[in-house]
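Here the sequence shown is numbered in UniProt numbering, starting from 1 and rising by one per residue.
Positions of the beta carbon are idealized from the N, C-alpha and C atoms, including for glycine.
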Amino acid sequence: MEGEIVMPSLGAFARELRDRRGWTQPKAADRAKVGVSTLRKLEQNSGAEFREDTLENLANVLCATGDERAHWWALAGRTGRALPGSGPEDVALLVAALDSAPAAWVRDWRVRIANDAHRRLFPGLADAESLPRWMFGDPRAKLVLPEWWDEARMLVGMMRHLAVSGRGHGHTVDVIRAMSDYPDFRRIWDTGVVHIARPGRLRRIWSPATESETTLREALYPTSESGVIIVGFPAGADEVRSGGQAVEPVAQDRVGELGVGEGR
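This is the structure we're talking about:
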């Protein structure tokens with residue numbers, strides 16, 4: 001008589017995905033930037049709690065399709081992230097197709113995919129560990145953002161709100177703690193500033209290469225991967241004069257997608 005059918009588990013799924021790629025545990029751990037012991041515990045279904053970014057990094061290197069990612073998060077108990085729909089490969093195609101407009105996919109405070117136009121406008125952001133790390137740790141941020149201080153205050157204010165909200169608070173807290181060595185971040189944080197959304201939709205950007213300034217109207221498009229695609233469209237003259245302060249109600253909800261990482 002055949003033995004019992006083994007039900008799915010995160011550990012077994014991780015081993016299966018790793019075996020498909022022909023990777024040893026050390027190789028998979030190195031690619032995912034996690035400890036070998038962490039991967040070993042996960043594959044053994046040890047019952048240990050794993051950080052959101054650890055699971056994210058492993059999913060990024062092990063999961064090849066949107067279905068695999070959805071199943072990964074379901075096994076990890078993050079049902080809110082186990083939604084069917086467009087996977088990273090579909091998002092990449094969309095972002096690349098918007099080549100005339102700067103576009104990027106932001107998830108868990110990190111740019112996951114960016115097209116060439118976005119990379120030119122925001123040098124270093126696509127390769128940064130997180131959006132806050134770039135804002136406060138890369139001198140190019142202050143160079144290309146004429147309103148850097150206001151932008152920084154809005155960013156910190158939104159992080160403060162998302163750190164305690166029901167959506168995405170787990171990963172946001174991790175990112176905030178990682179910013180403790182940045183004086184400007186701490187200075188703004190200590191003011192108690194809070195934002196639930198950007199006060200305006202316009203962003204001014206300076207291009208050192210062309211020695212010119214561009215004003216973009218940012219549009220946010222949530223994805224099923226618990227992130228958001230940000231596209232910058234040239235702002236009209238009337239919008240620039242008004243400062244783009246009118247914010248559609250739906251935009252306030254969508255800003256929260258920037259830091260979504262399901263709460264633990």
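| Item | Value |
| --- | --- |
| Residues of its chain near Arg-160, where Cβ-Cβ distance is below 6 angstroms and the 5 sequence neighbours each way are ignored | Val-194 |
| Three or more C-beta pairs below 8 angstroms linking the stretch 45-62 and the stretch 12-28 | yes |
| Contact between the stretch 142-156 and the stretch 28-40 (3+ Cβ pairs under 8 angstroms) | no |
| Rounded Cβ spacing between Glu-213 and Pro-146 (contact assumed at less than 8 angstroms) | 7 angstroms |
| Residue ranges of each alpha helix (DSSP H) within the UniProt domain "HTH cro/C1-type" (15-69), 4 or longer | 25-32, 36-43 and 52-62 |
| Span of the beta strand (DSSP E), counted from its first residue to its last, around Arg-234 | The sequence shown places Pro at residue 234, not Arg. Its beta strand (DSSP E) spans residues 228-234. |
| Under 8 angstroms between C-beta atoms of Pro-215 and Val-91 | Checking the displayed sequence, the identity of residue 215 turns out to be Thr instead of Pro. Contact flag unset, no. |
| Distance between beta carbons of Gly-232 and Arg-107, contact taken as under 8 angstroms | So it is not a contact: roughly 18 angstroms between Cβ atoms. |
| Which of helix, strand or coil DSSP assigns to Thr-172 | helix |
| Which of helix, strand or coil DSSP assigns to Ile-188 | helix |
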